[in-house]
Amino acid sequence: MSDLVRRLSEGQHPIIVSLRPDTTVSRLKECLDRGYVHIKFTETRGGTELGVPIDLERSDLQSADFTAETGTLTLVGALTLDYVKVRCIATVELPSLHGEGRLEVIAD
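Letter by letter, the sequence shown follows residues 25 to 132 of my numbering.
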């Protein structure tokens, strides 16, 4: 297991939702509707941005009000990082699009 996977699997880490071209709640909603979001772990060297296919069954969007741009959501999705299958779990505050996240190694 790589050092990056190990570090991001230990505890919570600051994240931002990386959106292009606009960093807005409506842009995040568009990404969620497509089922794919970029999450950036900001405290790694240069930041680590992961493309995360969102698992809507495991994610929690119930506390998010996209119209009022308030609330919190939890995004969950599986991907491969440095040849290791991981699950990304990120809690995001809608007003700022910042939050905390971590990785969980998925056992084969």
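We put the CB at the ideal spot given by N, CA and C, even for glycine.
Inter-segment contact for the segment 93-107 and the segment 64-71 is absent: fewer than three beta-carbon pairs are separated by less than 8 Å.
When DSSP reads this structure, E81 sits in no beta bridge, so it has no partner.
By the neighbour-count definition (other C-beta atoms within 10 Å, threshold 16), L80 is an exposed residue. For L97, there is no enclosing alpha helix (DSSP H); the enclosing beta strand (DSSP E) has its first and last residue at T94 to L105. DSSP places L56 in the uninterrupted alpha helix (DSSP H) bounded by V49 to R58. Non-local C-beta neighbours of E73 in its own chain, meaning closer than 6 Å and more than five positions away in sequence, comprise S42, H62 and K64, ordered along the chain.
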